[in-house]
Each structure stands twice: as structure tokens, then as C-alpha cells.
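J.:
Residue numbers (the numbering used here): 581 to 832.
#1: Considering only the beta carbon of each residue, do residue 654 and residue 820 sit closer than 8 Å?
#2: If you compare alpha carbons, which of 625, 608, 583 is closest to residue 598?
#3: On a Cα-Cα basis, can you pick out the residue from 796, 827, 790 that is closest to residue 782?
#4: Between the Cα of residue 664 and the Cα atoms of 632, 637, 627, which residue gives the shortest distance?
#5: Please tell me whether residue 779 and residue 793 are closer than 8 Å, where the distance is taken between their beta carbons.
#6: In three-state terms, what does DSSP make of residue 737?
#7: Taking the straight line between their C-alpha atoms, what separation do you get for residue 628 and residue 812?
#8: Below 8 Å between beta carbons: does that hold for residue 660 and residue 671?
#9: What separation, rounded to the nearest whole angstrom, lies between the Cα atoms of residue 601 and residue 719?
#10: For residue 639 and residue 707, I'd like the C-alpha separation in whole angstroms.
#11: How about residue 617 and residue 766: do their beta carbons lie closer than 8 Å?
#12: At the level of alpha carbons, what is the spacing between residue 752 and residue 732?
#13: Can you check the segment 682 to 734 for any alpha helix (DSSP H) of at least 4 residues that lies completely inside it and give the ranges in chain order?
#14: From residue 684 to residue 747, what distance separates their C-alpha atoms?
#15: Leaving out the 5 sequence neighbours to the left and right, which residues in its chain are closer than 6 Å to residue 802 when beta-carbon positions are compared?
#16: Going by the DSSP bridge assignment, what does residue 807 pair with across the sheet?
#17: Among 809, 588, 716, which one has its Cα closest to the Cα of residue 650?
In C-alpha cells form, the structure reads like this:
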């Protein structure tokens, strides 16, 4: 599952984090993803999810200092089902090994990754979770290519790979078209019919058209059994976040 949970912005009014946070936890507990990649989580949000999702552990860092400052692209994993072997974070910039703003980006951007082992099958696989810049066109182009270089550098054993996140790009945009030449768009290869609205961004609007697909799950060497954009709401009929979670069932 990939989920932009919307950063804790006190100016969000009825959609502020304090009113949504239990609904986020309830949604995750209901769908029970083995792996959950979040975007926009501030440290206090990540800590809340970590304490509430007792079956999960996580890895990741804040993008501003590589510790706890700024938004995380944290990866949560179900501890009974999945074992963490290796993890790290790199910055989407020309100096990817340290906190930095890349190219024409407005902000620091990161990709958090992990090598995981599925306990039941002992199959290992890589997960990459990211959040592209919302302004810099060059940054988005270069970020896609940097991530593919990192995937190829790390994945020396040619293991299955998942790349997920909020790419701030539509399917027709050049970086997404490039990624589709390197990986498979899970939505395109799902064995069961895709389910849910076409888009993933609702902007907290009560009745959005939901046409903007900017959140994706890409795969390599995985079968995609199902691919869903979840449009669940809270008990007050509000959106759980300003993005819809993308939920996939994968098999080796």
C-alpha cells in the first residue's frame, strides 16, 4: 500500500490530522498490507502510527536532516510476515548521500528503501518509497532516472522490486512514461479488474471528480493480483487524507 497521509497542518480545519489520525490507523488495520509506504508523515505522525499499529515496525528518516526533521517517506512492514534485512534513504538530488535540494525542486525530496524477506516463502524483495517534488520539472525527470540507477545498483541479485509513492505526475508525463519502460505499472497488469476512481488526489474536496492519478505502484518480477484506489471516508463522511491509498495484492 502506498499512502500520502497529508502532513499535520493545523490550518486544515475539519480535515486536520487530529481528526483523521484514527481513521488512518483503522484503514490500515482493515486492509492489513504487509508493506505500507507513507508520504508526508512528520515525525509526530510517524510516531503515532508506530505506536498504534502494534503489528508493524518501520524504517525511514525526516528529509530535512536525515533524522527526525521534515517529512518522512517511511516504510511500515508487518513484523510477523516480513523481516527487514537492509534499509536506507537517499536524497533526490545531485548529492544523494546527504540532505539536499535537487535541481529545480522547491524542497528536499527523498526515497526510502528496504530489502525485505517474506517469512513464509523466504523470498527477498526490494521496496522503494518516494515523494517527487511538486514544482520542479527537471527535478522530477532526474529523480526518476536517479531512482532507477539506485535500484539497479542495489538489486544485484535481480530480486523482485516495488517502487511506490506520490510522484506528483500524471500518466502522460515524461518521467512516468520513462519509469514504465523500466518497471511495470501495477494498474496495467492487474489480473483482477482495477477497482476504484481513476484518480488518487481529492484535495479534501467533498465531491471531487477524482481524475488526477499521481500516486502509483510500479513492480518488477511480481505478479499483480489486484490494484485498487481506496476511496473510503471517515465516520463523519470526510476524506481520510487528501490522497487515496493505492492498495495492491502481489505474488512472486
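Built from N, CA and C at the ideal position, the CB exists for glycine as well. Note that this is a predicted model, so its numbers are computed, not measured.
T.: This is what the structure holds:
#1: Position 74 of the chain shown, counting from 1, holds the residue named residue 654. Position 240 of the chain shown, counting from 1, holds the residue named residue 820. Residue 820 sits away from residue 654, with the two beta carbons spaced by 8 Å or more.
#2: If you number the chain shown from 1, residue 598 lands on position 18. Taking only the C-alpha atoms, the option nearest residue 598 is 625.
#3: In the chain shown, counting from the first residue as 1, residue 782 sits at position 202. If we check each option's Cα against that of residue 782, 790 comes out closest.
#4: The residue labelled residue 664 in the question sits at position 84 within the chain shown. Taking each of 632, 637, 627 in turn and checking the Cα distance to residue 664, the smallest one comes out for 637.
#5: The count along the chain shown starts at 1 and reaches residue 779 at position 199. The count along the chain shown starts at 1 and reaches residue 793 at position 213. Going by beta carbons, residue 779 and residue 793 fall inside the 8 Å limit.
#6: Position 157 of the chain shown, counted from the first residue, corresponds to residue 737. DSSP places residue 737 in coil when its eight states are reduced to three.
#7: Locating residue 628 in the chain shown gives position 48, where the first residue counts as 1. Locating residue 812 in the chain shown gives position 232, where the first residue counts as 1. So the two alpha carbons sit approximately 21 Å from each other.
#8: One-based indexing of the chain shown puts residue 660 at position 80. One-based indexing of the chain shown puts residue 671 at position 91. Contact flag unset, no.
#9: Position 21 of the chain shown holds residue 601. Position 139 of the chain shown holds residue 719. Taking the straight line joining both Cα atoms gives about 31 Å.
#10: Looking up residue 639 in the chain shown gives position 59. Looking up residue 707 in the chain shown gives position 127. Whole-angstrom Cα-Cα distance: 11 Å.
#11: Numbered from its first residue, the chain shown carries residue 617 at position 37. Numbered from its first residue, the chain shown carries residue 766 at position 186. It is not a contact, given that the beta carbons lie outside the stated cut-off.
#12: Here residue 752 corresponds to residue number 172 of the chain shown, with the count starting at 1. Here residue 732 corresponds to residue number 152 of the chain shown, with the count starting at 1. If you take the alpha carbons of residue 752 and residue 732, they lie about 24 Å apart.
#13: Runs found: 717 to 734.
#14: Position 104 of the chain shown, counted from the start, is the residue given in the question as residue 684. Position 167 of the chain shown, counted from the start, is the residue given in the question as residue 747. If you take the alpha carbons of residue 684 and residue 747, they lie about 15 Å apart.
#15: As a first step, residue 802 is located in the chain shown; it is residue number 222 there, counting from the start. Within the same chain, residue 802 has close Cβ partners 740, 830.
#16: Against the chain shown, residue 807 aligns to sequence position 227. Residue 807 is bridged by DSSP to 828.
#17: In the chain shown, residue 650 corresponds to position 70, counting from 1. Closest by alpha carbon: 588.
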